[in-house]
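J.:
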Amino acid sequence: MVIGKNGSSSLGEIKMIGLGVLRFVSAYRFVRAAMGDRAKTDKECHTLKSVIIYVPEVVKSGDTVTLSCDYDLEQAALYTIKWYRDDVEFYRFVPKESPPSKAFSVPFINVDISRSGSKNVTLRGVRRELTGHYKCEVSADAPLFHTEIKSAHMLVAELPIDNPSISIDQTKVEIGKQIQADCSATGSDPAANLTWYINEEE
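For the sequence shown, UniProt numbering assigns the number 1 to the initial residue and increments by one for each residue that follows.
In structure tokens:
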């Protein structure tokens, strides 16, 4: 039945345009149903966001260092956390496994499992060979399976073995004459910055 502007119905209109009316109603119902399903899906969807990595820019050789990776799963389940140094995986956390933490054998990397978890990994006795880019890979569980990767650079500095040494070509010199002086600090990596002082003045 087709309802007119004044609320009346006309059977003749149904015969003439009934097919078009039925198609319109079917399409309208389909769109409403699709919109309802989409709204329901959007409401239930969870996403992985706000992945932030915390890696110290410079550390001293021999230090114990903790690298952190913060993230927001928005109520979704965690699938895995993976840590890499220059694309080589050295630590993984999988909550569904027992034990969840696993360290891989990588030269110069010593993972402290007891101090590592889903949001951090601790490295003991870092060496200058560990200077490089560190990446944290966060993956959400089904049905999302969304993965985010963040990276940062860490420099492991080697301090000089001893105090700087100074050598001067002359111990006595006349006013106005030039002298040759050398200052060196061995064993540092990267090279140490040297600053000269005369009578406590730079």
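Just so you know, even glycine gets a beta-carbon here, dropped at the ideal spot from N, CA and C.
Since this is a predicted model, take the numbers as computed values, not measurements.
1. Kindly list the residues whose CB is nearer than 7 Å to the CB of Thr195, restricted to its own chain and excluding five residues on each side of it in sequence; keep chain order.
2. So does the stretch 86 to 93 actually touch the stretch 158 to 165, counting three or more Cβ pairs closer than 8 Å?
3. Could you check if Val58 is buried or exposed, using at least 16 other CB atoms within 10 Å of its CB as the buried criterion?
4. Name the two residues that bound the continuous beta strand (DSSP E) containing Glu150.
5. Taking C-beta to C-beta, are Leu67 and Ala140 nearer than 9 Å?
6. Since Glu137 and Thr147 are thought to touch, with beta carbons under 8 Å apart, how far apart are those beta carbons, to the nearest angstrom?
7. When the Cα atoms are used, what is the spatial distance from Asp112 to Arg124?
8. Considering only C-alpha positions, which residue in the set Pro99, Thr131, Ser101 is nearest to Phe108?
9. What is the DSSP secondary structure of Ile109, counted as helix, strand or coil?
10. When we look at the beta-carbon of Cys183 and count the other beta-carbons within 10 Å, is it buried (16 or more) or exposed?
11. Using alpha carbons as the reference points, say which of Pro56, Tyr84, Gly62 lies closest to Ile149.
12. Excluding the 5 residues flanking Ala185 on each side, which residues of the same chain have their C-beta closer than 6 Å to its C-beta?
13. Candidates Ile198, Lys60, Glu200: which alpha carbon is nearest Val126's?
14. For Glu137, does the three-state DSSP call read helix, strand or coil?
15. Return the chain-ordered list of same chain residues with a C-beta closer than 6 Å to the C-beta of Asn120, the five sequence neighbours on each side being excluded.
16. Would you please state the rounded distance, in angstroms, between the beta carbons of Thr122 and Arg115? I believe it to be under 8 Å.
17. What runs of the beta strand (DSSP E), each 3 residues or longer, lie entirely inside the stretch 44 to 99?
18. Report, in whole angstroms, the separation of the C-beta atoms of Ala152 and Val55, which I expect to be a contact under 8 Å.
T.: According to the structure shown:
1. Glu202
2. no
3. exposed
4. Contrary to the premise, residue 150 reads as Lys rather than Glu in this sequence. That run of the beta strand (DSSP E) goes 147 to 157.
5. no
6. The C-beta distance from Glu137 to Thr147 rounds to 6 Å, short enough to meet the 8 Å contact threshold.
7. Here the alpha carbons of Arg124 and Asp112 stand approximately 6 Å from one another.
8. Thr131
9. coil
10. exposed
11. Ile149 has its Cα closest to that of Tyr84, out of Pro56, Tyr84, Gly62.
12. Pro160, Pro164, Ala192
13. Lys60
14. strand
15. These residues qualify, in order along the chain: Thr66, Ser68.
16. Distance from Thr122 to Arg115 at the Cβ level is roughly 4 Å; contact confirmed, criterion being Cβ atoms closer than 8 Å.
17. 49 to 54, 58 to 60, 65 to 72, 78 to 85, 88 to 93
18. 4 Å
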